[in-house]
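Throughout the sequence shown, residue numbering follows my numbering, covering 172 to 518 in sequence.
Idealized CB from N, CA, C, for every residue including glycine.
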Amino acid sequence: MDNKGGMDVDMVTITRFINEQQRASGGTGEFTQLLTALVTSIKGIANTVRRAGIANLYGVAGGAQNATGDEQKKLDVLSDELMCNMLKTSYSCAMLVSEEQEHAIVIDTGKAGKYIVCFDPLDGSSNIDCLVSIGTIFSVFKHTGEGPVTQADALRPGTEQVAAGYALYGSATVIVLCTDSAPNMFMLDPSIGEFVLTDENMKIKPKGKYYSINEGYTKFWDGPTKDYVNARKNPESGSPANARYIGSMVADVHRTLVYGGIFAYPAHSKSTKGKLRLLYEAAPMAYIIEKAGGLATTGTQRVLDVVPQSIHCRVPIWLGSSEDVEEFLKCVEKYGSDHLQGTKLEA
Ligand code: AHG
Ligand code: MN
Ligand code: MN
């Protein structure tokens, strides 16, 4: 840091960081255009989140539901519109998949580029009105198919992502961005309106002291899930793990990345495919955690290997520190995967 009079005069902004990567890899600049649209959207959402109570933006958007049956909040709708508009006009996208849109949006040929972006504009909607951390998640693929793009071109396994990231609207606003190496974190400096690199090559601890799962569903859990959580609470030796569950995936995954531990949203008897959506929640987070040295599994399969059967399909997910996830997989092995809810993944 070249800090003069309290101002870093050589700061690494997210745009500078991507420009450098792009020059090194001989890119065309289209990814920078895409990123600029994402960063503008995230700044807009961050600002709106901070002012929502004053600007009358809490609450539901006229009783509407989104494609997966969730109640849409005013901020869900606004964030979705902003992201769709910024991405459509970035001249870098072939198609968009949003949690809030039933169908994929194919970009007009005149404005089309080569990327397919899948996103959850506002993650953790149930936490909006009580001021708990919320976020935005995105996943980027390259359109490689011949001819006009169709919705089926988004049905790709997470291994094919070229980038993934999230924004967390917490006590500060950060973007965690992952291209082909370990994730990097950029923090919004509100005084200059720029995201500045604060953590490079983030790595997750091999073992953490936190487990994160909604224990309100214990009654519906399968054997391996019950066994694993019980073992964390009542270990044969050592201290019990600490419970942490925010209910916003971005915030729970971010804590897991920074402090280590495990986050899970398993399938259970009342929600047999889990809750989290593969394309814009599970796959991008699995990509980030794996690039940081952790693991992400459905219980029977690496999350990144799951091929989506539809754009809004759900998967069970367990992710985090490698030793913690492996310990869960031992519980699955003990029972046999037939005892695991959600082993037959459907659309
Ligand atoms: P979204 O607000 O985008 O619909 O996502 C909500 C998700 C996710 O953020 C979180 O992990 C999960 O819902 C919490 O669900 P439960 O209340 O069932 O624990
Ligand atoms: Mn979400
Ligand atoms: Mn959402």
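{"Item": "V478 beta carbon near ligand 1 (any heavy atom closer than 8 Å)", "Value": "no"}
{"Item": "Segment limits, alpha helix (DSSP H) that includes T443", "Value": "Here T443 belongs to no alpha helix (DSSP H), and DSSP marks it neither H nor E."}
{"Item": "Among K404, G379, A323, the one whose alpha carbon lies nearest that of Y430", "Value": "G379"}
{"Item": "9 Å Cβ cutoff met for Y451 and E331", "Value": "no"}
{"Item": "Sheet register partners of I417 (DSSP bridge)", "Value": "BP columns for I417 are empty, so no partner."}
{"Item": "Minimum Cβ-Cβ distance from E317 to chain C less than 9 Å", "Value": "Looking at the structure shown, chain C is missing, and only one protein chain is on hand."}
{"Item": "P455 in three-state terms, based on DSSP", "Value": "helix"}
{"Item": "Option in G177, Y436, A195, G284 with minimal Cα separation from G418", "Value": "Y436"}
{"Item": "Ranges of the beta strand (DSSP E) found wholly within the stretch 297 to 355, counting only runs of at least 3", "Value": "305 to 313, 334 to 340, 344 to 349"}
{"Item": "Heavy atom of ligand 1 within 8 Å of V248 beta-carbon", "Value": "no"}
{"Item": "Three-state class that DSSP yields for I538 in the structure shown", "Value": "Past the edges of the chain, shown from 172 to 518, lies residue 538, and the structure says nothing about it."}
{"Item": "Contact set for P354: own chain, Cβ-Cβ below 7 Å, skip 5 residues either direction", "Value": "V347, L348, M373, I459, K462, A463"}
{"Item": "Environment of ligand 2 in chain order, Cβ to heavy atom below 6 Å", "Value": "D291, D294, M420, E452"}
{"Item": "Endpoints, the beta strand (DSSP E) within which G394 is located", "Value": "No beta strand (DSSP E) contains G394, which is instead part of the alpha helix (DSSP H) from 394 to 404."}
{"Item": "Ligand 1 heavy atom lying under 8 Å from the CB of Y416", "Value": "yes"}
{"Item": "Closer than 8 Å: D300 CB and nearest ligand 1 heavy atom", "Value": "no"}
{"Item": "Selection from A338, Q472, T260 that minimises the alpha carbon distance to V277", "Value": "T260"}
{"Item": "Contact check, Q480 vs L326, beta carbons under 9 Å", "Value": "yes"}
{"Item": "Three-state class that DSSP yields for N174 in the structure shown", "Value": "strand"}
{"Item": "The stretch 218 to 227 in contact with the stretch 275 to 290 per 3-pair CB rule at 8 Å", "Value": "no"}
{"Item": "Those runs of the beta strand (DSSP E) which lie wholly inside the stretch 181 to 255 and span at least 3 residues", "Value": "231 to 236, 242 to 244"}
{"Item": "Distance cut-off 8 Å: S304 Cβ against heavy atoms of ligand 3", "Value": "no"}
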